[in-house]
Amino acid sequence: MTIPLPHATPVSAPHWQGCREGRLLVQRCATCGRYVFIPRPGCTHCLTGTLEWVESSGRGTVYSFSVVHRPQRPEFEVPYVVAVIELEEGWHMLSNLVDVAPEAVGVGLPVEVAFREMSPDVTLPYFRPAIDP
Amino acid sequence: MHGPLHDVAIVGAYHTEQARKLAVPEPALLLDAIRGGLASAGIGAADVDGVNASAWVSGVRAREAVQWLGGRPCWTGTGSAGIEAVLEAASAIAAGLCETVLAAAAQAGEYGDHGATVSWTRPSNEFVECWGLYTAAEFALIAQRHMHVYGTTQESLAEVAAAIRTNGARNPEAVMYGREVTTDDVLDSRMVASPFHLLDCCITSEGGASLVLTTRERARDLDVEPVFLLGGGMDRQGMSYTSPPVFDLHGRVGERAGRRAFAQAGLTPADVDVAELYDPFSFEVIRQLEAMGFCGYGEGGDFVMDGRIRTGGELPVATNGGLLSYSHAGLAQMLQKVTNGVRQLRGELPDELTVPDARVVLATNGGAGALFCDALLLGRDPA
Numbered sequence: 081m082t083i084p085l086p087h088a089t090p091v092s093a094p095h096w097q098g099c100r101e102g103r104l105l106v107q108r109c110a111t112c113g114r115y116v117f118i119p120r121p122g123c124t125h126c127l128t129g130t131l132e133w134v135e136s137s138g139r140g141t142v143y144s145f146s147v148v149h150r151p152q153r154p155e156f157e158v159p160y161v162v163a164v165i166e167l168e169e170g171w172h173m174l175s176n177l178v179d180v181a182p183e184a185v186g187v188g189l190p191v192e193v194a195f196r197e198m199s200p201d202v203t204l205p206y207f208r209p210a211i212d213p
Numbered sequence: 004m005h006g007p008l009h010d011v012a013i014v015g016a017y018h019t020e021q022a023r024k025l026a027v028p029e030p031a032l033l034l035d036a037i038r039g040g041l042a043s044a045g046i047g048a049a050d051v052d053g054v055n056a057s058a059w060v061s062g063v064r065a066r067e068a069v070q071w072l073g074g075r076p077c078w079t080g081t082g083s084a085g086i087e088a089v090l091e092a093a094s095a096i097a098a099g100l101c102e103t104v105l106a107a108a109a110q111a112g113e114y115g116d117h118g119a120t121v122s123w124t125r126p127s128n129e130f131v132e133c134w135g136l137y138t139a140a141e142f143a144l145i146a147q148r149h150m151h152v153y154g155t156t157q158e159s160l161a162e163v164a165a166a167i168r169t170n171g172a173r174n175p176e177a178v179m180y181g182r183e184v185t186t187d188d189v190l191d192s193r194m195v196a197s198p199f200h201l202l203d204c205c206i207t208s209e210g211g212a213s214l215v216l217t218t219r220e221r222a223r224d225l226d227v228e229p230v231f232l233l234g235g236g237m238d239r240q241g242m243s244y245t246s247p248p249v250f251d252l253h254g255r256v257g258e259r260a261g262r263r264a265f266a267q268a269g270l271t272p273a274d275v276d277v278a279e280l281y282d283p284f285s286f287e288v289i290r291q292l293e294a295m296g297f298c299g300y301g302e303g304g305d306f307v308m309d310g311r312i313r314t315g316g317e318l319p320v321a322t323n324g325g326l327l328s329y330s331h332a333g334l335a336q337m338l339q340k341v342t343n344g345v346r347q348l349r350g351e352l353p354d355e356l357t358v359p360d361a362r363v364v365l366a367t368n369g370g371a372g373a374l375f376c377d378a379l380l381l382g383r384d385p386a
């Protein structure tokens, strides 16, 4: 059994397609310049319909985290680290931290995206400690 | 200043039996809640012209409940049973759309194996589920950031959990009745999702509750002690468990609800005798004490110490044992924050849990991990 994998919607499909290509794509408003995540049909800052998909550097820091010992489902191997990542462009996303001991994780830890192919259709954007912070 | 909510009173409040698992099917439990609410108000089904109902598993909602009540109600609520439903019903009564509303909620028949978290705590969103998040982890992400920014300690979280679980241990109606818990017990319990130990997290259980609201004028004609609505407010910041719980964006959710409620009531947090705060996790109480204005931001961890929020302290919190120890049943626990406030003001709780001469209760629903937090002020005296 595998962990539950995301099903893309028409709004989110470009993000997941980007992951398959090894690129972390996020929406940015062409009108006000601000970032929007999770994907939306229009800008949540200025309500215009001028969102564009742009590539993030994939670098950021751990904004907050939790070391999970009781899994959401048995398919998740414990302990695992869930985190809110603050990307260097200033937007936030949820992910898991990999390649790091849970006790070594703290707020502010520099991280970078690490894509993992979960199935032929789905690649997930995990994060790991930045190799060259 | 007199406002529309002040023309509405609560005349009935009822809790069904609560248990880890109940033998009764959910529709029967909801019917029990409906009957109990009517009996508590001393009225019959024919006296009700508005209804709201929420049953998590069977999906029974208000429009079906109309038929259960013989088709008499003409108004149905759409909000989930809780403060949202109370404010919706009170607004409808104040607007003259109906006169007497029964609001009921029940949940049973959901729990199966112990191999995973309860299904209704698991988000299905494409940007959440694959990371193994569930309710505890969502709220943990808010708590951890608060601890980082303000230095809030694990001991403060444990004190909240122990204080509320102590209330439940002394409440014969609580699922965890008799289970005394100390702060050391909380700190020694196994980690679920850091910083939350097992005893920092609410229980899961089954049960129901109901409430009857009517006009102040009609309340005078009933043979019950009414409880008055003093103020209310909502603070909704989006869908629960979809976008990331970013503390800077959502860490103060509830502030707008509290400010509105206190302004309508012409009161301040210093006037509150009992705080029936929503307690899905220990930390959420600390956060709500700040958001509702009982202390400054960052001061909640210190505020809860020295017995201040224990029964007998300056501001007793979750006096029936809350979600941590009394019951947490799908949606019914939201309504139970209000029904317990009513029972506290009417002096219907066990002596050990009764706050003597309580005249004002603040009830809340929701929390930062869920991106909403609503507030309701109840009074023994009319506004």
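Residue numbers (the working numbering), protein chains in the order written: chain A, 81 to 213; chain B, 4 to 386.
No residue lacks a Cβ here, since even glycine has one placed at the ideal position from N, Cα and C.
Nearest neighbour of residue i, chosen from the options [CA to CA]
i         : options                                       : result
B/Arg-255 : B/Ala-26, B/Ala-98 and B/Cys-376              : B/Cys-376
B/Ser-197 : A/Thr-89, A/Gly-113 and A/His-149             : A/His-149
B/Glu-176 : B/Gly-210, B/Glu-141, B/Gly-350 and B/Pro-30  : B/Gly-210
B/Tyr-17  : B/Thr-138, B/Leu-280, B/Gln-336 and B/Ala-36  : B/Ala-36
B/Phe-306 : B/Val-288, B/Thr-314, B/Gly-315 and B/Ala-321 : B/Val-288
A/Cys-26  : A/Ile-118, A/Leu-127 and A/Val-185            : Absent from the model: residue 26 of chain A. The displayed extent of chain A is 81 to 213, so no value can be given.
B/Ala-143 : B/Ser-94, B/Ala-371, B/Val-275 and B/Ala-386  : B/Ala-371
A/Val-180 : A/Val-191, A/Pro-154 and A/Trp-171            : A/Val-191
B/Leu-252 : A/Met-173, A/Val-134, A/Ala-210 and A/Met-198 : A/Met-173
B/Thr-340 : B/Arg-182, B/Gly-181, B/Ala-161 and B/Ala-278 : Here residue 340 of chain B is Lys; the residue named in the question, Thr, does not match the sequence. The option with the nearest alpha carbon to B/Lys-340 is B/Ala-278.
7 Å Cβ cutoff, residue i in contact with chain B
i         : result
A/Pro-205 : no
A/Ser-146 : yes
A/Ile-211 : no
A/Leu-85  : yes
A/Gln-152 : yes
A/Val-106 : no
A/Val-116 : no
A/Val-215 : Because residue 215 of chain A is not part of the residues shown, which for chain A are 81 to 213, the question remains open.
A/Val-185 : no
C-beta contact flag for residue i and residue j at 7 Å
i         : j         : result
B/Gly-85  : B/Asn-323 : no
B/Gly-40  : B/Val-230 : no
B/Gln-70  : B/Ala-332 : no
B/Gly-234 : B/Gln-267 : yes
B/Val-14  : B/Leu-225 : yes
B/Gln-291 : B/Gly-257 : yes
A/Leu-105 : A/His-95  : yes
B/Cys-133 : A/Leu-204 : yes
A/Val-187 : B/His-151 : yes
Buried or exposed (CB count within 10 angstroms, at least 16 for buried), residue i
i         : result
B/Ser-328 : buried
A/His-125 : exposed
B/Lys-24  : exposed
A/Val-158 : exposed
B/Ser-285 : buried
B/Arg-193 : exposed
B/Glu-359 : The residue you asked about is not Glu; residue 359 of chain B is Pro in the sequence shown. Classification of B/Pro-359: exposed, given that the 10 Å Cβ count is below 16.
B/Leu-105 : buried
B/Pro-353 : exposed
B/Ile-46  : buried
A/Glu-132 : exposed
B/His-200 : buried
A/Pro-90  : exposed
B/Gly-118 : Annotation note: pLDDT 46 at B/Gly-118 (below 50); position unreliable, no value reported.
A/Ile-211 : exposed
B/Glu-293 : buried
A/Cys-99  : buried
B/Thr-342 : buried
B/Cys-77  : exposed
Below-7 Å beta-carbon distance, residue i vs any chain A residue
i         : result
B/Gly-135 : yes
B/Leu-256 : Sequence check: residue 256 of chain B is Val here, not Leu. No, B/Val-256 does not count as interfacial toward chain A.
B/Phe-130 : yes
B/Arg-290 : no
B/Met-242 : no
B/Pro-247 : yes
B/Arg-125 : yes
Neighbour flag for residue i against chain E, beta carbons, 7 Å
i         : result
B/Ala-196 : This model lacks chain E altogether, as its protein chains are A and B.
If you measure beta-carbon to beta-carbon, which residues of the stretch 140-156 of chain B are closer than 7 Å to chain A?
-> Ala-140, Ala-143, Leu-144, Gln-147, Arg-148 and His-151
Select from the stretch 150-182 of chain A all residues with a C-beta closer than 7 Å to any C-beta belonging to chain B, and list them in chain order.
-> Arg-150, Pro-151, Gln-152, Arg-153, Pro-154, Phe-156, Tyr-160, Val-162, Val-164, His-172, Met-173, Leu-174, Ser-175 and Asn-176
Would you list, in chain order, the members of the stretch 121-146 of chain A that have their beta-carbon closer than 8 Å to a beta-carbon of chain B?
-> Of all residues in the stretch 121-146 of chain A, Tyr-143, Ser-144, Phe-145 and Ser-146 have a Cβ within less than 8 Å of some Cβ in chain B.
Residues within the stretch 189-205 of chain A neighbouring chain B, beta-carbon criterion of under 7 Å | Leu-204
Check each residue of the stretch 68-100 of chain B: if its Cβ is closer than 8 Å to any Cβ of chain A, include it; give the result in chain order.
-> none
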